[in-house]
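Be aware that the sequence shown starts at 443, since it is given in our numbering, and climbs by one per residue.
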Amino acid sequence: MKYLGIDYGEKNVGIAVSDDSGSLAFAKTILNNNKQLLESVLKICDEEKVDVIVMGDSFDFSGQPNNIMKDVLKFKKDLEKNDLIVYLEPEFLTSAEAERIQGKNDKIDASAAALILKSYLDKKQLNDS
């Protein structure tokens with residue numbers, strides 16, 4: 443089973459993909475958050491033969507949904523309307539963690555998506571054991 447990870451942002455959307463076994467996550471690309479976003483993600487899902495999408499679930503320090511969450515949930519519904527399975531994975535400071543690991547560069551959002559996806563895959567692997 444193959445997975446796609448999404449770090450949804452106001453301007454940029456980080457994309458990561460898993461290996462075919464669904465155990466490793468790799469940063470893939472960064473997409474502009476524009477009118478072509480849905481089409482671009484669907485194309486990647488088709489090309490990569492993705493079975494499941496994992497999106498970051500964004501909350502603030504007090505545990506309240508961030509302002510971006512309404513957009514995340516809308517995009518999730520748009521993906522589901524295209525017959526995709528979409529899960530939300532709690533994410534907290536993944537962009538900061540990605541920057542800490544690799545330094546500041548233009549791939550941070552894709553790396554954050556990989557961290558979100560890897561967190562989901564690790565939990566899934568534990569639950570499946």
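Glycine included, each C-beta is placed from N, C-alpha and C at the ideal position. The structure displayed is predicted, hence computed values, not measured ones.
query                                                                                                           : result
Local conformation of F501 per DSSP, three classes                                                              : strand
C-alpha gap between L479 and Q567, whole angstroms                                                              : 30 Å
Opposing strand residues paired with V459 [DSSP bridges]                                                        : L446 and F468
Buried or exposed by the 16-neighbour rule on C-beta atoms within 10 Å, applied to Y529                         : exposed
DSSP-derived helix/strand/coil call for N454                                                                    : strand
DSSP bridge partner residues for V496 (one or two, in chain order)                                              : G447 and Y529
CB contact flag (I495, Y450, <8 Å)                                                                              : no
C-beta atoms of A469 and S460 nearer than 8 Å                                                                   : no
Spatial neighbours of K453 in its chain, beta-carbon cut-off 8 Å, leaving aside the 5 residues before and after : N474 and N475
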